[in-house]
Amino acid sequence: MVQSEANHHIMSSINDLAPEILINILELVFDPSEWTLDHLCTLALVSKYFLSVVVSAPSLWAVARFGGPPSSRLEHIDLALRKSKEAPLIVILEHNTTMTETDVTTFMIKVVQHSHR
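Per the working numbering, residue 24 is the first one in the sequence shown, and the count goes up by one each step.
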């Protein structure tokens, strides 16, 4: 019971942070170039407040990664490009033996359209 109350107090304190402060903390603690869709989904599961912050923070979606874990598939690239709005992009193309030339070309075409960022 005491542990549950302590956890509730900690979450209440975190949920009282302004969204910009929480985003800054996340960006300082975690290297954005290491983020995947799985990381964002895990953060979104922490609380309703984290979900609302993660969904609405373009900078958290500004990694266009292709070729790594399954969460970096082409369909997730579209989501990241859309959710990141005009935030500066981090583009990561990881070598993967299952990638086809067509997949790499498709990825590059999608990312080049956002090169102004």
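Just so you know, even glycine gets a beta-carbon here, dropped at the ideal spot from N, CA and C.
All values reported here derive from a predicted model rather than from experimental measurement.
(request) Out of E109, L60, S75 and D61, state which residue places its alpha-carbon closest to the alpha-carbon of L45. (result) Cα-wise, what sits closest to L45 is S75.
(message) Please state whether the Cβ-Cβ distance between L104 and H137 is less than 8 Å.
(response) Yes.
(message) Would the stretch 108-127 count as touching the stretch 63-77 if we require 3 or more Cβ pairs under 8 Å?
(response) No, the stretch 108-127 is not in contact with the stretch 63-77.
(message) Please tell me whether F53 and I100 are closer than 8 Å, where the distance is taken between their beta carbons.
(response) Not a contact, by the Cβ cut-off of 8 Å.
(request) Kindly identify the DSSP beta-bridge partner or partners of W88. (result) This sequence places Arg at residue 88; Trp is not what is there. Beta-bridge pairing links R88 to I115.
(message) According to DSSP, is K106 part of a helix, a strand, or is it coil?
(response) Judged by DSSP in its simplified three-state form, K106 adopts helix.
(message) I need the boundaries of the alpha helix (DSSP H) containing T128, first residue and last residue.
(response) Boundaries of the alpha helix (DSSP H) harbouring T128: E124 to V135, taken from the DSSP string.
(request) Please determine, among K108, C64 and L40, the residue with the shortest C-alpha to C-alpha distance to H139. (result) K108 is the residue among K108, C64 and L40 whose C-alpha sits nearest the C-alpha of H139.
(message) Do A41 and S82 have their beta-carbon atoms positioned less than 8 Å apart in this structure?
(response) Against a cut-off of 8 Å, the Cβ pair of A41 and S82 comes out as no contact.
(request) State yes or no: is the C-beta of A87 within less than 8 Å of the C-beta of V78? (result) The Cβ-Cβ distance between A87 and V78 does not fall below 8 Å.
(request) Pull up the distance between the alpha-carbon of H118 and that of G90, whole angstroms please. (result) If you take the alpha carbons of H118 and G90, they lie about 6 Å apart.
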